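If you read the sequences in order, they're chains X and P. Numbering follows my numbering, in which position 145 of the first sequence is assigned residue number 140; successive positions increment by one, without gaps. Numbering follows my numbering, in which position 267 of the second sequence is assigned residue number 290; successive positions increment by one, without gaps. Beta carbons are placed, not taken as given, at the ideal position from N, Cα and C, and that holds for glycine. No experiment lies behind these values; they were computed from the predicted model shown.
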Amino acid sequence: MTLPRRTHPRPLDIAHGRVDLTHGGGGRAMAQLVEELFIAAFDNEALNQRNDQAAFDVPAGRMVMTTDGYVISPLFFPGGDIGSLAVHGTVNDVAMAGAVPMSLSAGFIIEEGFPLADLQRIVASMAQASRQAGVPVVTGDTKVVEKGKGDGIFITTAGIGMVPPGVAISGDRARPGDAILISGTMGDHGIAVMSQRESLGFETAILSDSAALHTMVAAMVAVVPGIHVLRDPTRGGLAATLNEIASQSGVGMLIEEALVPVRPEVRGACELLGLDPLYVANEGKLICICAEADAEALLAVMRAHPLGGDAARIGGCRDDSHHFVQMRTQMGGMRVVDWLAGEQLPRIC
Amino acid sequence: MKYIDEFRDGAVAHSIATAIAAEVDPARAYHIMEFCGGHTHAISRYGLEDLLPANIRMIHGPGCPVCVLPVGRIDAAIWLARQDGVTLCTYGDMLRVPGSRRLSLLKAKAEGCDIRMVYSTLDALKLAQSLPQRQVVFFAIGFETTTPPTAVAIKQAQALNLGNFSVFCNHVLTPSAITQILDSPEVRELGTVKLDAFIGPAHVSTIIGSRPYEYFAEEYQRPVVIAGFEPLDVMQAVRMLVRQINQGRFEVENEFSRAVTRDGNEKAKALVAEMFELRRAFEWRGLGLVPYSALRLKAPYAAWDAERRWDVPQDSPPDNKACECGAILRGVKKPIDCKLFGTVCTPENPMGSCMVSAEGACAAHWTYGRFRDVEKSE
Chain X
-4 MTLPRRTHPR PLDIAHGRVD LTHGGGGRAM AQLVEELFIA AFDNEALNQR
46 NDQAAFDVPA GRMVMTTDGY VISPLFFPGG DIGSLAVHGT VNDVAMAGAV
96 PMSLSAGFII EEGFPLADLQ RIVASMAQAS RQAGVPVVTG DTKVVEKGKG
146 DGIFITTAGI GMVPPGVAIS GDRARPGDAI LISGTMGDHG IAVMSQRESL
196 GFETAILSDS AALHTMVAAM VAVVPGIHVL RDPTRGGLAA TLNEIASQSG
246 VGMLIEEALV PVRPEVRGAC ELLGLDPLYV ANEGKLICIC AEADAEALLA
296 VMRAHPLGGD AARIGGCRDD SHHFVQMRTQ MGGMRVVDWL AGEQLPRIC
Chain P
24 MKYIDEFRDG AVAHSIATAI AAEVDPARAY HIMEFCGGHT HAISRYGLED
74 LLPANIRMIH GPGCPVCVLP VGRIDAAIWL ARQDGVTLCT YGDMLRVPGS
124 RRLSLLKAKA EGCDIRMVYS TLDALKLAQS LPQRQVVFFA IGFETTTPPT
174 AVAIKQAQAL NLGNFSVFCN HVLTPSAITQ ILDSPEVREL GTVKLDAFIG
224 PAHVSTIIGS RPYEYFAEEY QRPVVIAGFE PLDVMQAVRM LVRQINQGRF
274 EVENEFSRAV TRDGNEKAKA LVAEMFELRR AFEWRGLGLV PYSALRLKAP
324 YAAWDAERRW DVPQDSPPDN KACECGAILR GVKKPIDCKL FGTVCTPENP
374 MGSCMVSAEG ACAAHWTYGR FRDVEKSE
């Protein structure tokens, strides 16, 4: 009798197959899915050990850890998909501490009946994003829920990273007199997703800005280790993020509408949809708050990076017991830039 | 976008502001009501108050369709959503408007009612086609601007022979509301509300034209300038009104001539006239029962009228006692005069309708302008 060489005599039918409940059942079907789809794509030393946990050595120092769930709809959008987003989003959350991201975990919750071809496309995009960022997915988990109990696929990623010595970036460190910088145009991701979801068919395709920002952060930290605050303006956009920082740090802010870069096509789409670009999500932009004296040097570093060409100084922090974020409008009047009330765009990331 | 940028040019705004400052008579005050929520929003969103002299007071009018719908109609919509087999379609803003007992469509949705947010009447129509086993009811609200799309949807439903589509009609009329304000005791007899002039509606006027305002400009001797919703439109309209007031004129002028004619959109008006009739009276939040101020479907279209298909309750429960939306909608009070404003009533947790829509006077002031109250009190 000749034993089969492989545990799974027939490979997954990725072109036509669908995820069924056995793929999350802990049996041979699950092992095959993990082997042929996930391990094949992510392929790295820690994952290849095929343990329930990844083991690796870490340097001494200060570590950061973060986790994020991705429920975006639609799964594929102009400029990215849920897979690349799940890498970029978590890498960025690590990087916003000034840290160097080291590794990621990935949890997949898949709805019964989800096409294997879509799953492979998502995993391939995730693997590519992870390789490009140089941050491996070292451990993972797969669960399958019955049809109707999920919406295609949800992904959770966690990330860890090491903070370089002397760096202490935190949302509570903004001080009156600090400068507020942003790394580029606002609202691209939200509008890209929204236009896809509503089949708006704009003449010019608006691409999501989904990208990993850790190399830009590394360059910034190398020049100015004393950056006060970094944060990526994702859900709720620039407005929500500035308000978070203002209340965390106990300062007021004043920004100039005319200095906030917004692509004309994004501005146009916002007009059409009744949205304010200040509240629309970004996935490849950061806000940097620093001492006035460091602003020019940081802007130069940001602009020299491929993801920071449109970096701009948009305003500054000031004393204000009400922690108002205010804006001088392009008309010359003043207004509050408030927290987002309610939900502007559900399931944007 | 070039088109829009031209109407948001800061340098032009500055020059209009300078001209207004030069033209106002420092010895008098100017009370200008912008009827529409669209104007209220533009004024707050762009901080236009900062560009106007201190003796020009902008009074926010009732022209926000979400704000003027009374509690009873919200309750009725919730009642409809709770009927067996009904899918209720609504514009997003209506979801959060509080009805009786602090209920809202959003809470009814969380309880399990099938309530869908749509962007247009056509979305609702498509939904009816895709859900043949459900009764799809469109919660139609709005002034003259949104009535024609409702009419078109019903025409299409008729053509498609869609028996499972109907409209809960709450379309209201602008001129009757303005007349009601001018006839109110606060304006007419007591003089507690000074109203010198009106900025007339933008989008509404594209449909009804400028002619309907001629009557009350003449009758009530108040100048009207119809203006677009862009910040420069508002600035220019204020300048035109200041000039009329100074010269003792009371005419209807049209700043929004790029979109509004004297007679409006004849085709849309004819369609509405064919399909809708006046209600004898309709309750408005803040204004009470206003005669001949709303529309309902005519008998030949009764099959698409949700109020005829179901025995929809016609109750009119009172507003929250402490809520000043009514007085605010009439221009009698400012948002800051309401005890609930910013304390228990915020956009996250609205008690009254003016705090719900971005075009509501309270939401606009809270979201964009509340720093002014702090500056004043300090």
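- Item | Cβ pair Val160/P, Val109/P closer than 8 Å | On the second sequence, residue 160/P is found 137 positions in, with the first residue counted as 1. On the second sequence, residue 109/P is found 86 positions in, with the first residue counted as 1. Yes. Within cutoff.
- Below 8 Å between beta carbons is the criterion; list the residues of the region 68 to 83 of chain P that meet it against any residue of chain X, in chain order. Hits within the stretch, in order: Arg68, Tyr69, Gly70, Leu71, Glu72, Asp73 and Leu74.
- chain X residues whose Cβ lies nearer than 7 Å to that of Arg393/P: Position 370 of the second sequence, counted from the first residue, corresponds to residue 393/P. Val331, listed in chain order.
- Task: Assign Gly84/X to buried or exposed, taking buried as 16 or more other Cβ atoms, counted over all protein chains shown, within 10 Å of its Cβ.
- Result: The residue given as residue 84/X occupies position 89 in the first sequence. The residue is buried, with at least 16 neighbouring Cβ atoms inside 10 Å.
- Task: Find the nearest neighbour of Val141/P within the set Ala151/P, Ser339/P and Gly122/P, judged by alpha-carbon distance.
- Result: In the second sequence, the residue the question calls residue 141/P occupies position 118. Closest option to Val141/P, Cα to Cα, is Ala151/P.
- Message: If the cut-off is 9 Å on Cβ atoms, which residues from the region 249 to 278 of chain P count as contacting chain X, listed in chain order?
- Response: Pro254, Leu255 and Met258
- Query: What three-state label does DSSP hand Leu320/P in the structure shown?
  - Reply: Within the second sequence, the letter at position 297 stands for residue 320/P. Correct three-state label for Leu320/P: strand.
- Thr114/P in three-state terms, based on DSSP: The residue labelled residue 114/P in the question sits at position 91 within the second sequence. It is worth fixing the name first, because residue 114/P is Tyr in this sequence and not Thr. Tyr114/P falls in the coil class under three-state DSSP.
- Message: I'd like the span of the alpha helix (DSSP H) that includes Ile164/X, first residue to last.
- Response: Reading the first sequence from its first residue, position 169 is the one you call residue 164/X. No alpha helix (DSSP H) contains Ile164/X, which DSSP labels as neither H nor E.
- Query: How would you write the range of the alpha helix (DSSP H) that Lys132/P sits in, first residue to last?
  - Reply: Your numbering for residue 132/P matches position 109 in the second sequence. Lys132/P -> alpha helix (DSSP H) spans Leu128 to Ala133.
- Using DSSP with H/G/I as helix, E/B as strand and the rest coil, what is Met298/P? What you label residue 298/P is simply residue 275 of the second sequence in a count that begins at 1. In this structure, Met298/P counts as helix in the three-state DSSP scheme.
- Measure the Cβ-Cβ separation of Cys346/P and Leu320/P and say whether it is below 8 Å. Locating residue 346/P in the second sequence gives position 323, counting from the first residue. Locating residue 320/P in the second sequence gives position 297, counting from the first residue. No, Cβ-Cβ distance for Cys346/P and Leu320/P is not below 8 Å.
- Message: Using the Cβ count rule (16 or more neighbours within 10 Å means buried), how would you classify His11/X?
- Response: Counted from its first residue, the first sequence places residue 11/X at position 16. By the neighbour-count rule (16 or more Cβ atoms within 10 Å), His11/X is not buried but exposed.
- Between the beta-carbon of His318/X and the beta-carbon of Gly245/X, is there less than 8 Å? Position 323 of the first sequence, counted from the start, is the residue given in the question as residue 318/X. Position 250 of the first sequence, counted from the start, is the residue given in the question as residue 245/X. A contact, by the Cβ cut-off of 8 Å.
- Going by C-alpha distance, which of Ile79/P, Ala387/P and Arg234/P is nearest Ile268/P? One-based indexing of the second sequence puts residue 268/P at position 245. Among Ile79/P, Ala387/P and Arg234/P, the Cα nearest to that of Ile268/P is on Ile79/P.
- Message: Is His317/X close to chain P? Criterion is C-beta to C-beta, closer than 8 Å.
- Response: Here the question's residue 317/X lines up with position 322 in the first sequence. Chain P contact via Cβ: present.
- Message: Under 8 Å, Cβ to Cβ, is there at least one residue of chain X near Arg139/P?
- Response: As a first step, residue 139/P is located in the second sequence; it is residue number 116 there, counting from the start. Chain X, which has no Cβ nearer than 8 Å to the Cβ of Arg139/P, makes this no.
- Task: Quick one: residues in its chain with C-beta nearer than 7 Å to the C-beta of Gly20/X, no 5 flanking neighbours on either side, listed in chain order?
- Result: Within the first sequence, numbered from 1, the residue matching residue 20/X stands at position 25. Here the set comprises nothing.
- Message: List, in chain order, every chain X residue whose beta-carbon is nearer than 7 Å to that of Ile27/P.
- Response: Walking along the second sequence from the start, residue 27/P turns up at place 4. Within chain X, the residues Glu266 have their CB atoms less than 7 Å from the CB of Ile27/P, given in chain order.
- Query: By DSSP, does Ala369/X sit in helix, in strand, or in coil?
  - Reply: The question about residue 369/X has no answer here: the residues shown for chain X are numbered -4 through 344.
- Task: Could you work out which residues of chain P lie near Met60/X, taking near to mean beta carbons separated by less than 8 Å?
- Result: For the purposes of this step, residue 60/X is taken as residue 65 along the first sequence, with counting starting at 1. In chain order: nothing, as chain P lies at least about 31 Å away.
- In its own chain, which residues sit with a C-beta less than 7 Å from the C-beta of Cys344/X, not counting the 5 before and 5 after it? Within the first sequence, the letter at position 349 stands for residue 344/X. Excluding positions up to five away in sequence, the list reads Tyr65, Ile67, Leu80, Gly84, Thr229, Arg230, Ala276 and Glu278.
- Task: Please classify Thr215/P: is it buried, with 16 or more other beta-carbons within 10 angstroms of its beta-carbon, or exposed?
- Result: Here residue 215/P is taken as the residue at index 192 of the second sequence, counted from 1. It counts as exposed.
- Label Asp219/P either buried or exposed according to how many other C-beta atoms from any shown protein chain fall within 10 Å of its C-beta, with 16 as the threshold for buried. Taking the first residue of the second sequence as position 1, residue 219/P is located at position 196. Flag for Asp219/P reads buried.
- Report back the beta-carbon spacing between Leu99/X and Gly56/X to the nearest angstrom; my notes put them in contact at under 8 Å. Residue 99/X sits at position 104 when you count from the first residue of the first sequence. Residue 56/X sits at position 61 when you count from the first residue of the first sequence. Between Gly56/X and Leu99/X the Cβ distance is about 19 Å, and since that is not below 8 Å, they are no contact.
- Message: For a cutoff of 8 Å on Cβ pairs, would you count Thr324/X as touching chain P?
- Response: Taking the first residue of the first sequence as 1, we reach residue 324/X at position 329. Yes - at least one Cβ of chain P is within 8 Å of the one on Thr324/X.
- Query: Taking the alpha-carbon positions, what's the Val86/X to Gly86/P distance?
  - Reply: Within the first sequence, residue 86/X is the residue found at index 91, counting from 1. Within the second sequence, residue 86/P is the residue found at index 63, counting from 1. When rounded, the distance between both Cα atoms is 47 Å.
- Task: Check the Cβ-Cβ distances between Gly287/P and every residue of chain X, and say whether any is below 8 Å.
- Result: For this step, residue 287/P is matched to residue 264 along the second sequence. No, no contact with chain X.
- Message: If contact is defined by three or more beta carbon pairs under 8 Å, each pair taking one atom from either stretch, is the region 199 to 214 of chain P in contact with the region 38 to 45 of chain P?
- Response: Between the region 38 to 45 of chain P and the region 199 to 214 of chain P, the count of C-beta pairs closer than 8 Å stays below three; the two stretches do not touch.
- Query: Mind checking whether Ile240/X and Ala169/X have CB atoms under 8 Å apart?
  - Reply: Here residue 240/X refers to the residue found at position 245 when the first sequence is read from its first residue. Here residue 169/X refers to the residue found at position 174 when the first sequence is read from its first residue. Yes, the Cβ-Cβ distance between Ile240/X and Ala169/X is below 8 Å.
- Query: What's the gap between the Cα of Leu249/X and the Cα of Glu40/X?
  - Reply: Stepping through the first sequence from its first residue, residue 249/X is reached at position 254. Stepping through the first sequence from its first residue, residue 40/X is reached at position 45. Glu40/X has its alpha-carbon roughly 49 Å from the corresponding atom of Leu249/X.
- N- and C-terminal bounds of the beta strand (DSSP E) containing Leu32/X: Position 37 of the first sequence holds residue 32/X. It is not in any beta strand (DSSP E) - Leu32/X carries neither H nor E in the DSSP assignment.
- Looking at C-beta atoms only, is the number of pairs between the region 86 to 96 of chain X and the region 119 to 131 of chain X that lie closer than 8 Å three or more? yes
- Query: To the nearest angstrom, how far is it from the Cα of Asp271/X to the Cα of Gly287/P?
  - Reply: Here the question's residue 271/X lines up with position 276 in the first sequence. Here the question's residue 287/P lines up with position 264 in the second sequence. Asp271/X and Gly287/P have their C-alpha atoms roughly 30 Å apart.
- Query: Looking at the unbroken alpha helix (DSSP H) that takes in Gln179/P, where does it start and where does it end?
  - Reply: Here the question's residue 179/P lines up with position 156 in the second sequence. Gln179/P -> alpha helix (DSSP H) spans Thr170 to Leu183.
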